[in-house]
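Let me begin by presenting the structure, written as C-alpha cells, before commenting on it.
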Amino acid sequence: MEATGTDEVDKLKTKFISAWNNMKYSWVLKTKTYFSRNSPVLLLGKCYHFKYEDENKLLPARSGCTIEDHVIAGNVEEFRKDFISRIWLTYREEFPQIEGSALTTDCGWGCTLRTGQMLLAQGLLLHFLGRAWTWPDALNIENSDSESWTSNTVKKFTASFEASLSGERELKTPAVSQKETIRRYSDDHETRNEIYHRKIISWFGDSPLALFGLHQLIEYGKKSGKKAGDWYGPAVVAHILRKAVEEARHPDLQGITIYVAQDCTVYSSDVIDKQCTSMASDNTDDKAVIILIPVRLGGERTNTDYLDFVKGILSLEYCVGIIGGKPKQSYYFAGFQDDSLIYMDPHYCQSFVDVSIKDFPLETFHCPSPKKMSFRKMDPSCTIGFYCRNVQDFKRASEEITKMLKISSKEKYPLFTFVNGHSRDYDFTSTTTNEEDLFSEDEKKRLKRFSTEEFVLL
Numbered sequence: 001m002e003a004t005g006t007d008e009v010d011k012l013k014t015k016f017i018s019a020w021n022n023m024k025y026s027w028v029l030k031t032k033t034y035f036s037r038n039s040p041v042l043l044l045g046k047c048y049h050f051k052y053e054d055e056n057k058l059l060p061a062r063s064g065c066t067i068e069d070h071v072i073a074g075n076v077e078e079f080r081k082d083f084i085s086r087i088w089l090t091y092r093e094e095f096p097q098i099e100g101s102a103l104t105t106d107c108g109w110g111c112t113l114r115t116g117q118m119l120l121a122q123g124l125l126l127h128f129l130g131r132a133w134t135w136p137d138a139l140n141i142e143n144s145d146s147e148s149w150t151s152n153t154v155k156k157f158t159a160s161f162e163a164s165l166s167g168e169r170e171l172k173t174p175a176v177s178q179k180e181t182i183r184r185y186s187d188d189h190e191t192r193n194e195i196y197h198r199k200i201i202s203w204f205g206d207s208p209l210a211l212f213g214l215h216q217l218i219e220y221g222k223k224s225g226k227k228a229g230d231w232y233g234p235a236v237v238a239h240i241l242r243k244a245v246e247e248a249r250h251p252d253l254q255g256i257t258i259y260v261a262q263d264c265t266v267y268s269s270d271v272i273d274k275q276c277t278s279m280a281s282d283n284t285d286d287k288a289v290i291i292l293i294p295v296r297l298g299g300e301r302t303n304t305d306y307l308d309f310v311k312g313i314l315s316l317e318y319c320v321g322i323i324g325g326k327p328k329q330s331y332y333f334a335g336f337q338d339d340s341l342i343y344m345d346p347h348y349c350q351s352f353v354d355v356s357i358k359d360f361p362l363e364t365f366h367c368p369s370p371k372k373m374s375f376r377k378m379d380p381s382c383t384i385g386f387y388c389r390n391v392q393d394f395k396r397a398s399e400e401i402t403k404m405l406k407i408s409s410k411e412k413y414p415l416f417t418f419v420n421g422h423s424r425d426y427d428f429t430s431t432t433t434n435e436e437d438l439f440s441e442d443e444k445k446r447l448k449r450f451s452t453e454e455f456v457l458l
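Dropping the structure here:
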C-alpha cells in the first residue's frame, strides 16, 4: 500500500509539473507571429513571398502580416501547408513509465530530445517522401487563437486531474481515422505517402517499443552517463540519434545512416564508408546519410557574423534543420525571414497518443503556427543537420557547403570543415559486441565534455 501511495503522489506531482509548463509556455502558442510582406521567407530550402499579386496594393515596408491573414495573396497558403506538414514533437504526459524512474512525462527536461526528434523526423520525411511532399490535411488543422490554447490547457488539466483522482483515464477520440483519410486519396502514390507519413510518426511514439521514441533515446543516453530527467545538450543528442538509427532493425531503415562530425570536422571518406556499408551482402546501393555537425556560433553569446551562414544553411533543400534554441530553452530551427529565425517549439505539454493503434490521431504531431525569434537571442551551442540521398549527393553537398563556408567566414577559420580521407581516431562505424557498451571510450569522453560545456536546457 505504501508503494502505491508513493506512485499516486508521483503521478499527481507530474500533473502539476505539466500544468505549470503549459501555463508557462502557452502564451507563446497563442500569440500571433508576424511576417513582413516585402521579405522572402525561407523554410528548409524553399522560398516563399507574401506580396500581393497586384503590385499596386503593396503595403508600406514596415507593415506586417500574420499567416492567418487570408487577404494576403501569393503563396501564403503554400507556406502554411509546408510548415504544418513538418512533424512537431513536444512534451507529452501520461505515457508509459520510463524504466528506472517514476517519470511519465518529459515536461521541464526533454526539450532537446524533442528538437532532435524533429530534426530526425525531417530527415526521414526527405528520405521516404521527398521535399515536395505536404500533408493533404495540413490546412484543416485549427489555428491557435487568443482563447483556445489557454482555455484548453486549463480544461485539459482539470479533466486530467479529476480523472487521476477517480482512477479513470481520459478517452481520446481520433479526429480523422486512417481509413477515412486513405479513402479520400485518388491514387496509389498518395496512399503510399500517407502510410509512410503515419509510419514515420509512429517511430517517434512515446512507448518503449518506438524506435526513436523518448524511451529508446533515454536508454542510449544512459550509455553516456545520462538518465531520464537530466538535461541534454545538442551535441549529446546528435550522438544519441546516431546510435538509435544504427541500432534500428526495421527493414525500411536499412537504407539510411547517421554521421556525427568530430570536433567540427566532417571526414569525407568516413561518411562514404558509412554510405557504402550494407547489412545485406547482395545490396550494392548507397545508403542515404544524415550528417549532424555540433558547433558553437560564438563564445558566451552568438556571434552575429555567423548570421549569413546560418541563413545560407537553412536555404539549402538538403538541410534538415538545426537543434538549438536560446539559453534554457531548446527549439527546432527550420527557416528564417530577414534576421529572425523560424522555429517549432517543443515546450507545450500534450497528452500521450498511442501510435500503435491503426487510426491514431495525427493533429497533435503537426504545429499549426510558426514562431519567430531574433538571431541575436540564439544560444551559440547547436547542431546542424543535412540529408544526402547517396554518395553523389554527399559529394555535391560538401562542395556547395564548403564554398558557402569560405564566403561567409570572416574569421581565419570556418565554423566547420569537410576533409578528404578518414579521421585518425576513426571508431564511429565499428560494431560493438557488448550490448551494454554502445559508445566507445573516445565517444564517452567527448560526450562528457559536451555535457559540461553546453548550456542548461529546460
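Quick note: the sequence shown, position 452, residue 452 per full-length UniProt numbering, numbers continuous. Beta carbons: idealized from backbone N, C-alpha and C, even for Gly.
Could you check the C-alpha separation between residue i and residue j for me, to the nearest Å?
i	j	result
S269	D359	43 Å
T417	D252	31 Å
N75	H49	7 Å
K81	R198	17 Å
C107	L217	16 Å
T33	K371	6 Å
I84	N390	28 Å
K222	E399	36 Å
D285	Q392	12 Å
L292	G321	10 Å
F79	S36	14 Å
A334	P361	24 Å
H189	V289	24 Å
R396	Y267	15 Å
E77	K46	14 Å
C264	P414	9 Å
E147	S369	Only weak support is given to the placement of E147: the predicted model assigns it a pLDDT of 38, under 50, and the question is left unresolved by the model.
Could you check whether residue j and residue i sit closer than 9 Å to each other, using their CB atoms as the reference points?
i	j	result
E93	C349	yes
F336	V310	yes
A228	S315	no
F394	Q254	no
W203	H239	no
V355	I195	no
S408	G312	yes
W133	D230	no
M118	M344	yes
D193	L120	Per the sequence shown, residue 193 should be read as Asn rather than Asp. The answer is no: Cβ separation not under 9 Å.
P96	T105	no
R131	E317	yes
Y331	M373	yes
Please confirm if residue i has its CB atom under 9 Å from at least one CB of chain D.
i	result
A132	Looking for chain D here will not work: only one protein chain is present.
With 16 other CB atoms within 10 Å as the buried threshold, where does residue i fall?
i	result
E219	buried
D339	exposed
Y387	buried
C319	buried
residue 491	The requested residue 491 is not part of the displayed model; the chain covers only 1 to 458.
N420	exposed
T277	exposed
L43	buried
H347	buried
K226	buried
I357	exposed
Quick one: give me the first and last residue of the alpha helix (DSSP H) that residue i is part of.
i	result
L214	214-222
L125	111-128
S356	It is not in any alpha helix (DSSP H) - S356 carries neither H nor E in the DSSP assignment.
Y34	No alpha helix (DSSP H) contains Y34, which is instead part of the beta strand (DSSP E) from 34-36.
May I ask which residues mark the beginning and end of the beta strand (DSSP E) holding residue i?
i	result
P294	288-296
H331	Before going further, note that residue 331 is Tyr rather than His in the sequence given. Taken as a continuous stretch (DSSP letters only), the beta strand (DSSP E) holding Y331 covers 329-337.
Y318	No beta strand (DSSP E) contains Y318, which DSSP labels as neither H nor E.
L43	41-43
Margin query: For the stretch 132-141 against the stretch 254-263, do three or more pairs of beta-carbon atoms, one drawn from each stretch, fall closer than 8 Å, so that the two count as touching?
Written below: Contact between the stretch 132-141 and the stretch 254-263 is absent, because fewer than three Cβ pairs lie under 8 Å.
Item checked: Segment contact, 8 Å Cβ cut-off, at least three pairs: the stretch 216-236 with the stretch 377-391 -> Result yes; three or more Cβ-Cβ pairs closer than 8 Å.
Next item on the list: Mind the definition here: the stretch 239-246 touches the stretch 210-225 only if three or more C-beta pairs lie below 8 Å; say whether that holds.
Entry: Three or more Cβ pairs closer than 8 Å define a contact, and the stretch 239-246 meets that threshold against the stretch 210-225.
Notebook entry, point to check: If you pair each beta-carbon of the stretch 108-127 with each one of the stretch 77-95, do three or more pairs fall below 8 Å?
Noted result: Counting C-beta pairs closer than 8 Å gives three or more between the stretch 108-127 and the stretch 77-95, which meets the contact rule.
Next item on the list: Inspect the CB distances between the stretch 297-311 and the stretch 124-136 and report whether three or more fall short of 8 Å.
Entry: Contact between the stretch 297-311 and the stretch 124-136 is absent, with fewer than three C-beta pairs closer than 8 Å.
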